[in-house]
Amino acid sequence: MSPSEFLQSQWDIDGLIAPSDTVLLHSNVFPALMKLRQAGYAPEPESVLTALIDLWPNGTVLLPTFNFSFAAGEPYDLKTVPSQMGRISEIARHMKESVRTWHPLYSFCVIGNRSREFENLRNRSGLGADSPFELLREMGGKIGFLDIQVEECLTFVHHVEETEGVNYRYIKSFSGKYSGDGKIFTDETFEMFVRDIENNVVTDISGLARFLSEQRLFLGSRRYVGNGLALIDSNLLYNTVSEIIQTDRSEGMLYQRNAK
0 MSPSEFLQSQ
10 WDIDGLIAPS
20 DTVLLHSNVF
30 PALMKLRQAG
40 YAPEPESVLT
50 ALIDLWPNGT
60 VLLPTFNFSF
70 AAGEPYDLKT
80 VPSQMGRISE
90 IARHMKESVR
100 TWHPLYSFCV
110 IGNRSREFEN
120 LRNRSGLGAD
130 SPFELLREMG
140 GKIGFLDIQV
150 EECLTFVHHV
160 EETEGVNYRY
170 IKSFSGKYSG
180 DGKIFTDETF
190 EMFVRDIENN
200 VVTDISGLAR
210 FLSEQRLFLG
220 SRRYVGNGLA
230 LIDSNLLYNT
240 VSEIIQTDRS
250 EGMLYQRNAK
């Protein structure tokens with residue numbers, strides 16, 4: 000049994016996988032590496048990435064490759080600036096078949112059949128209607144969580160908040176030198192929908208995570224404790240978060256306010 004096959008046998012994936020799915024994947028690779036070591040395999044992150052990609056042989060996998068140096072005033076080169084989202088995303092970024100989406104703060108490495116559709120995006124907003132989050136929804140994609148708590152990584156919530164126009168976040172522009180080809184740098188401006196820190200807004204989606212679990216909206220029997228593999232439909236998640244916003248339940252479910 001290959002390392003990839005071994006890992007897939009360890010994940011609770013019965014009924015989860017459609018080979019042609021488009022999946023935005025969040026992961027913590029350390030539990031998988033530990034399982035590999037305990038079973039006598041070399042604990043290599045490449046094996047974890049291969050196992051994940053192989054779950055969707057006819058599909059498309061997105062991995063966050065966020066980097067926040069552009070917001071700090073540093074030039075951004077799409078071809079060379081590394082991911083700050085962990086080793087597995089950096090390995091994916093270097094794969095010859097991968098493409099990287101356009102935004103200098105919230106980019107994704109995309110591998111698979113529909114990767115070119117993401118590569119062709121020229122989104123100015125990291126989270127809005129021109130972003131990979133919107134395209135994921137249009138494709139009927141899913142969001143996956145491997146050995147990670149939902150509240151640690153569910154950036155998709157901020158996409159819903161921006162498109163719904165919540166009042167506890169606002170559009171902030173970031174300008175600087177940008178290169179999309181590794182050669183020519185131009186002055187560019189991009190946008191992010193950031194929390195209102197002057198009004199003590201703190202991101203906290205633990206209430207949402209509990210609600211999603213209580214409503215059994217995740218696929219995967221270990222979805223409640225952050226172990227194993229869980230998936231949720233992106234449009235189902237969008238509609239759920241949108242309803243929370245529209246019924247004035249955001250505070251306590253999507254954010255908190257720190258005491259002054």
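Residue 86 in numbering that gives the first Met the number 0 sits at position 87 of the sequence shown; the count goes up by one each step and never skips. The beta carbon of each residue, even a glycine, is placed where N, CA and C say it ideally should be.
Go ahead and label residue i buried or exposed: buried means 16 or more other beta carbons lie within 10 angstroms of its beta carbon, across all protein chains shown.
i: E197; result: exposed
i: K34; result: buried
i: V47; result: buried
i: G227; result: buried
i: G164; result: exposed
i: M84; result: buried
i: K78; result: exposed
i: T246; result: exposed
i: G14; result: exposed
How close, in whole Å, do the beta carbons of residue i and residue j come, if the pair is a contact with beta carbons under 8 Å?
i: T188; j: S205; result: About 34 Å; that fails the 8 Å criterion.
i: W55; j: D11; result: W55 to D11, Cβ: 16 Å. No contact.
i: E150; j: F192; result: Not really, about 19 Å apart at Cβ, beyond 8 Å.
Would the C-beta of residue i count as close to the ligand MG, meaning under 8 Å from any of its heavy atoms?
i: R194; result: Although the ligand MG was asked about, the structure shown includes no ligands whatsoever.
Given this structure, state the Cα-to-Cα distance separating residue i from residue j, to the nearest angstrom.
i: I87; j: I110; result: 13 Å
i: A251; j: D203; result: Note on residue identity: the sequence assigns Gly, not Ala, to residue 251. Spanning the two alpha carbons is a distance of roughly 8 Å.
i: F155; j: N234; result: 11 Å
i: L61; j: E43; result: 20 Å
i: K176; j: L23; result: 28 Å
i: R221; j: N238; result: Caution is warranted here: a pLDDT of 49 is assigned to R221, below 50, making its placement in the model unreliable, and the coordinate value is therefore given only provisionally. Whole-angstrom Cα-Cα distance: 23 Å.
i: Y223; j: G143; result: Only weak support exists for where Y223 lies, its pLDDT of 48 falling under 50; the value from the coordinates is given anyway. For Y223 and G143, the distance between alpha carbons rounds to 13 Å.
i: A70; j: H158; result: 19 Å
Just verifying my parser: in three-state terms, what is the DSSP assignment at residue i?
i: L48; result: helix
i: G206; result: helix
i: A70; result: helix
i: D247; result: coil
i: R256; result: strand
i: Y167; result: coil
i: V28; result: coil
i: A229; result: strand
i: F173; result: strand
i: V80; result: coil
Checklist entry - Does the stretch 208-219 come close enough to the stretch 94-113 that 3 or more CB-CB pairs lie under 8 Å? => result Verdict: no, contact absent.
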